[in-house]
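*Asks:*
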Amino acid sequence: MNVLIIGSGAREHAIAWKLKQSPRVEKLFVASGNAGTARLAQNITIANDDHARLKQFARAENIDFVVIGPEAPLADGLADKLRAQNIRVLGPNQNAAEIESSKAFAKDFMKRHNIPTARYETFTNFDDALRHVETVPYPIVIKASGLAAGKGVILPETFDAARDALRHIMLEHEFGAAGDTVVIEERLQGKEVSVLAFSDGVTVKAMPPAQDHKRLLDGDLGPNTGGMGAYAPVNVPEHFLDEITREILQPTLDGLRAEGRMFVGVLYAGLMLTRDGARVLEFNCRFGDPEAQVILPLLESDLLDVFEACVNGTLARCDVKWKRGAAACVVLASGGYPNKYATELPIHGLDAMQNRNAIIFHAGTKLQNGQAVTNGGRVLCVTGVGKNLGDALDTAYTAIRPIRFEGMQYRRDIGARPLTSPNPSLSRRGTSSQPSP
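According to the working numbering, the sequence shown is numbered sequentially starting from 36.
(1) Looking at Lys240 and Leu350, is the spacing between their C-beta atoms short of 9 Å?
(2) Give the C-beta separation of Val102 and Phe396 to the nearest angstrom, bearing in mind that I take them to be a contact with Cβ-Cβ under 8 Å.
(3) Can you name, in chain order, every residue of its own chain whose Cβ lies under 6 Å from the Cβ of Thr280, other than the five neighbours on each side?
(4) Starting from Phe275 and walking both ways along the alpha helix (DSSP H), at which residues does that stretch end?
(5) Using DSSP's beta-bridge definition, name the partner residues of Asp247.
(6) Roughly how many angstroms separate the alpha carbons of Val228 and Ala304, rounded to a whole number?
(7) Using 8 Å as the threshold, is the region 217-235 in touch with the region 309-324, meaning 3 or more CB pairs across them?
(8) Any idea what DSSP makes of Gly450, helix, strand or coil?
(9) If the criterion is Cβ atoms closer than 9 Å, does the pair Asn319 and Ile134 meet it?
(10) What residue range does the beta strand (DSSP E) around Phe396 cover?
(11) Nearest-angstrom Cα distance between Phe100 and Ser57?
(12) Applying the criterion that 16 or more other CB atoms from any shown protein chain within 10 Å of the CB defines a buried residue, is Ala267 buried or exposed?
(13) Leaving out the 5 sequence neighbours to the left and right, which residues in its chain are closer than 6 Å to Ala327 when beta-carbon positions are compared?
(14) Considering only the alpha carbon of each residue, which of Ala434, Pro381, Asn130 lies closest to Asn390?
(15) Is the beta carbon of Asn392 sitting closer than 9 Å to the one on Gly348?
(16) Nearest-angstrom Cα distance between Val356 and Gly187?
(17) Ignore the nearest five residues each way along the sequence and tell me which others in Val417's own chain have a CB closer than 6 Å to its CB.
(18) Measure the C-alpha to C-alpha separation of Glu379 and Glu441 and round it to an integer number of angstroms.
(19) Tell me whether Ala153 sits in a helix, a strand or coil according to DSSP, three-state version.
(20) Whole angstroms is fine: what's the gap from Asn270's alpha carbon to Ala87's?
(21) Would you call the CB atoms of Thr238 and Ile150 closer than 9 Å?
(22) Pull up the CB-CB distance for Gly371 and Val299, whole angstroms please, since I reckon it's below 8 Å.
(23) Consult DSSP for Tyr303 and reduce its assignment to one of helix, strand or coil.
(24) Ends of the alpha helix (DSSP H) at Cys345?
(25) Is the beta carbon of Ala114 less than 9 Å from the beta carbon of Pro105?
(26) Can you tell me whether Lys526 is helix, strand or coil according to DSSP?
(27) Determine, for Val417, whether the minimum Cβ-Cβ distance to residues of chain C falls below 9 Å.
(28) Pop quiz: Leu39 and Ala51 are said to be a contact at Cβ under 8 Å. What is the actual Cβ separation, rounded to whole angstroms?
(29) Does DSSP put Asn410 in a helix, a strand or coil?
(30) Check whether the Cβ atoms of Met97 and Asn37 lie closer than 9 Å to each other.
(31) Got a sec, what are the start and stop residues for the alpha helix (DSSP H) Gln285 sits in?
(32) To the nearest whole angstrom, what separates the beta carbons of Ala73 and Leu339, a pair I think is in contact under 8 Å?
(33) Within 10 angstroms of its Cβ, does Glu61 collect 16 or more other Cβ (buried), or is it exposed?
(34) Would you mind reading off the limits of the beta strand (DSSP E) that contains Pro191?
(35) Quick check on the DSSP output: the alpha helix (DSSP H) that includes Gln91 runs from which residue to which?
(36) From Ile438 to Arg447, what does the alpha carbon distance come to, in whole angstroms?
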């Protein structure tokens with residue numbers, strides 16, 4: 036089969052790396068890819084938002100299967116346009132992708148379908164939002180409703196910080212149109228877990244749970260980022276995934292289908308494990324990044340077989356198998372990230388790593404005269420695989436040692452406080468899925 040992957044980050048590199056292992060993949064293309072995918076596939080210089088050229092390329096190269104990695108092209112309806120050309124696509128249509136592209140929609144959807152989440156209100160007017168902040172009786176999280184590249188979530192500690200956040204989002208348009216609507220919700224306490232699942236629109240099959248590290252600095256300090264590292268699996272009780280599937284993933288899939296939003300692809304649930312059970316923080320309509328970089332190395336099954344089962348509606352008959360052990364990844368970011376940072380800085384030491392259990396997934400990189408250089412905020416994702424989390428972390432951090440580029444920064448405490456005793460019971464739902472009074 037000829038396969039085209041859309042995207043240019045470490046998530047897409049990880050997907051390409053896993054698909055390349057399938058004996059059924061004949062030609063592999065990535066649009067637009069990075070310096071890492073160039074080693075596995077043929078990079079195509081077509082932007083994610085150039086839907087006309089992507090469709091033209093797919094027809095010209097007899098592409099049998101397309102995998103859309105990032106959220107933006109899904110939210111823009113690329114999957115719909117490719118399917119209209121009878122091209123098989125892994126990724127939800129535009130109306131199903133709204134589960135991520137609009138946090139306001141997602142919260143209202145969860146309320147309609149009794150999916151446990153935090154109390155919330157949505158606002159399109161700055162003054163109304165500020166009055167709510169003045170009177171709300173619980174700590175809050177402020178979220179730009181639209182897509183903001185993982186940076187539109189703010190956890191203010193004071194009223195002044197909340198007012199400043201609202202001003203930046205709603206009046207100064209820090210996140211553009213993504214901040215036209217703002218969700219203000221209760222700030223939940225507990226441990227965060229990411230549960231991703233394959234879906235064919237009817238059947239859902241959960242992947243090993245992962246834990247992302249969103250804050251820039253050690254100790255979970257500093258600003259939120261797109262993710263500075265992750266590990267999988269998380270140590271959860273035996274029936275945790277069964278409960279999450281039954282109480283959250285399957286009702287979400289069923290609710291989307293009932294509303295005419297057939298979801299085919301990867302459904303991502305960001306969860307908070309509170310004293311009262313698991314609550315949904317957010318949904319994504321695709322693989323997480325960096326979660327993909329620790330989940331896909333644990334997949335034993337042929338990824339193309341699983342993707343095809345999702346698209347063909349046969350996931351119930353697909354035996355998705357996972358390896359024992361653990362994987363952990365550490366993101367190497369540009370100096371200044373998540374704010375302003377320099378690019379086109381030479382990257383050294385990429386070929387020094389000799390351990391076959393370590394994998395370097397490229398994120399913000401490109402080739403310049405044959406040299407890999409930086410081309411984004413998150414530059415590389417170094418993944419280690421081992422028999423347990425400790426082994427995986429040792430492998431990842433050892434593989435980082437020879438790598439260097441000017442301004443390189445990374446967290447040194449990924450997986451240092453693994454989740455060991457969550458309370459995942461979903462039996463005490465109460466009314467937390469209802470909006471605040």
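Ideal placement from N, C-alpha and C gives every residue a C-beta, glycine not left out.
Everything numeric in this text was worked out from a predicted model, so none of it was measured.
*Replies:* A quick look at the data gives this:
(1) It is a contact, given that the beta carbons lie within the stated cut-off.
(2) Wrong, their Cβ atoms sit about 15 Å apart, outside the cutoff.
(3) So the list reads Ala241, once near-sequence residues are dropped.
(4) 275-279
(5) As computed with DSSP, Asp247 is found in a beta bridge with Ala265.
(6) In a straight line, the C-alpha of Val228 is about 8 Å away from that of Ala304.
(7) yes
(8) coil
(9) yes
(10) 393-397
(11) 13 Å
(12) buried
(13) Arg46, Ala49
(14) Ala434
(15) The criterion of a C-beta distance shorter than 9 Å is not satisfied by Asn392 and Gly348.
(16) Reading off the sequence, residue 356 comes out as Lys, not Val. Each residue's alpha carbon lies about 35 Å from the other.
(17) Val365, Ile395, Ala431, Ala434, Ile435
(18) Using only the alpha carbons, I get a separation of about 10 Å.
(19) coil
(20) Computed Cα separation, rounded: 45 Å.
(21) no
(22) Separation of the CB atoms of Gly371 and Val299 is rounded to 38 Å, and the pair is thereby denied contact status at 8 Å.
(23) Look at Tyr303 here: in three-state DSSP terms it is strand.
(24) Per DSSP, Cys345 belongs to the alpha helix (DSSP H) from 338-347.
(25) Cβ distance not < 9 Å, so Ala114 and Pro105 don't count as in contact.
(26) Look at the range of the chain in this structure, 36 to 472, and you will see that residue 526 is not part of it.
(27) Checking the listed chains, one finds no chain C in this structure; it contains a single protein chain.
(28) Leu39 to Ala51, Cβ: 10 Å. No contact.
(29) coil
(30) Per the sequence shown, the amino acid found at residue 97 is Asn instead of Met. It is a contact, given that the beta carbons lie within the stated cut-off.
(31) 285-293
(32) Not quite, the Cβ-Cβ distance comes to about 21 Å (not below 8 Å), so this is no contact.
(33) exposed
(34) Note, Pro191: premise wrong, no beta strand (DSSP E); not H, not E.
(35) Under the DSSP assignment, Gln91 falls in the alpha helix (DSSP H) whose first and last residues are 86-95.
(36) Whole-angstrom Cα-Cα distance: 15 Å.
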